[in-house]
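There are 2 protein chains.
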Amino acid sequence: MTDRSDAHVVIARRLASVGQRYTHGRRSLIDALLVANKPLAIGELLASAALPQSSAYRNLAVLEQAGAVRRVVTDEDFARYELAESLTEHHHHLICSTCGRVEDVTIPASLEADVDRTVARVARRSGFATAAHRLDLIGTCRDCA
Amino acid sequence: MTDRSDAHVVIARRLASVGQRYTHGRRSLIDALLVANKPLAIGELLASAALPQSSAYRNLAVLEQAGAVRRVVTDEDFARYELAESLTEHHHHLICSTCGRVEDVTIPASLEADVDRTVARVARRSGFATAAHRLDLIGTCRDCA
DNA sequence: CTTCCTGCAAAAGTTTTGCATTAAC
DNA sequence: GTTAATGCAAAACTTTTGCAGGAAG
Chain A
1092 MTDRSDAHVV IARRLASVGQ RYTHGRRSLI DALLVANKPL AIGELLASAA LPQSSAYRNL
1152 AVLEQAGAVR RVVTDEDFAR YELAESLTEH HHHLICSTCG RVEDVTIPAS LEADVDRTVA
1212 RVARRSGFAT AAHRLDLIGT CRDCA
Chain B
1092 MTDRSDAHVV IARRLASVGQ RYTHGRRSLI DALLVANKPL AIGELLASAA LPQSSAYRNL
1152 AVLEQAGAVR RVVTDEDFAR YELAESLTEH HHHLICSTCG RVEDVTIPAS LEADVDRTVA
1212 RVARRSGFAT AAHRLDLIGT CRDCA
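Residue numbers (this note's numbering), protein chains in the order written: chain A, 1092 to 1236; chain B, 1092 to 1236.
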């Protein structure tokens, strides 16, 4: 998944397998996310992708169910969206608690493996079937320091 | 911070140091959180603490600024609140992606230390001054399995 | 062509705010 | 007594939904 056109092909296939079409609006949203390389707020998506709010929300919901995008929650009172990890790489977020900025970041594979293993064990002990973990770094970005 | 009355004393002091009073409504909210031992949604707090919505929101904001409670974000479209970690212990959350249930959980100290160290390093390299990390486990709870 | 998607407008849900009254210190 | 907190109602904001018209396969 290194090329952008690859992403479009994969997404088209996933949408088709759920009986959904890859329309212009959906492609615009994906393009915006491909360029951004970080979670975008709805407002930013509306500006980049140029489509009505209701269509954005509806399309993001469809794209999420098709496994193309992921809804990201921060401390802000609106949602952000990013490409699904199957189209990028497993990563985490640096969140600035002052301005809300969100950036992607990866952590060393060794720690990732430790977290995975421990998280699976802890969850099992609690009666949870764990699907995933979410590790965010909350701090203050360079501009806000 | 093992006793409940201790929590009230500490919170009263923190509120006072910010020029705020420890009123009946605020005490009710704290009591509800002390009993619950897990993040509560606004609706649950309104039921337990029996106060108007607007007062709940305003008081939770004040209590958060005073360092008594923390706003917790999940995938739901409403917020949850829990006692600040300085009044409890550092912990993480098990989140059921089906029913939204949220439970507290702790992970082994050794992993916690690894995460802390790596997170600090990664953040520094990115120009972030890290204050904290947030590690959540997303899965399916026993009841929803 | 047939089914799904779009766009507009209105509704629903959560959270915030103004203001007169009440409680805290 | 003075200052801050409360409670009600109304507003602000994000997100969802209904429905007639248009695009995708």
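Glycine included, C-beta positions come from ideal geometry on N, C-alpha and C. Computed from a prediction, not measured in an experiment: that's the story for all the values here.
Legend entry - Closest Cα partner of T1197(A) within the set T1209(B), A1103(B), S1108(B): Here residue 1197(A) corresponds to residue number 106 of the first sequence, with the count starting at 1. The shortest C-alpha separation from T1197(A) is found at T1209(B).
Inset, instruction - Name the two residues that bound the continuous beta strand (DSSP E) containing L1060(A). - result: Nothing about residue 1060(A) can be read from this structure; chain A reaches only from 1092 to 1236.
Inset, instruction - Starting from R1215(A), trace the beta strand (DSSP E) both ways and give me its first and last residue. - result: The residue given as residue 1215(A) occupies position 124 in the first sequence. Here R1215(A) belongs to no beta strand (DSSP E); instead the alpha helix (DSSP H) covers 1200-1216.
Inset, instruction - Compare the C-alpha of Y1148(A) against each of Y1172(A), T1165(A), A1127(A) and name the closest. - result: Residue 1148(A) sits at position 57 when you count from the first residue of the first sequence. With distances taken between Cα atoms, Y1148(A) lies closest to Y1172(A).
Inset, instruction - Indicate whether at least one CB of chain B lies closer than 7 Å to the CB of D1166(A). - result: Taking the first sequence and counting its residues from 1, the one referred to as residue 1166(A) is at position 75. Yes, because at least one Cβ of chain B sits closer than 7 Å to the Cβ of D1166(A).
Legend entry - Residues of the stretch 1205-1225 of chain B whose Cβ lies closer than 8 Å to any Cβ of chain A, in chain order: D1205, V1206, T1209, V1210, V1213, A1214, S1217, G1218, F1219, A1220, T1221, A1222, A1223, H1224, R1225
Inset, instruction - Take the Cβ of D1097(A) as the centre, count every other Cβ of all protein chains shown within 10 Å, and call the residue buried at 16 or more, exposed below. - result: If you number the first sequence from 1, residue 1097(A) lands on position 6. So D1097(A) counts as exposed.
Legend entry - Buried versus exposed call for C1232(A) [16 or more other C-beta atoms within 10 Å across all chains shown]: Here residue 1232(A) refers to the residue found at position 141 when the first sequence is read from its first residue. Answer is buried; the Cβ neighbour count reaches 16.
Inset, instruction - Could you name each continuous beta strand (DSSP E) segment of 3 residues or more that falls completely within the stretch 1143-1169 of chain A, going from the start of the chain to the end? - result: 1160-1163
Legend entry - Contact with chain A by C1190(B), beta-carbon distance below 7 Å: The residue you call residue 1190(B) lines up with position 99 of the second sequence. No, C1190(B) does not count as interfacial toward chain A.
Inset, instruction - Measuring only between beta-carbons, confirm whether I1229(A) sits less than 7 Å from chain B. - result: Numbered from 1 along the first sequence, position 138 holds the residue referred to as residue 1229(A). At least one chain B Cβ lies under 7 Å of I1229(A).
Inset, instruction - Would you please verify whether the beta carbon of R1171(A) is less than 7 Å from any beta carbon of chain B? - result: The residue given as residue 1171(A) occupies position 80 in the first sequence. No - not a single Cβ of chain B is within 7 Å of the one on R1171(A).
Inset, instruction - With 7 Å as the threshold, decide whether the Cβ of A1236(B) is near any Cβ in chain A. - result: Taking the second sequence and counting its residues from 1, one reaches residue 1236(B) at position 145. Yes, because at least one Cβ of chain A sits closer than 7 Å to the Cβ of A1236(B).
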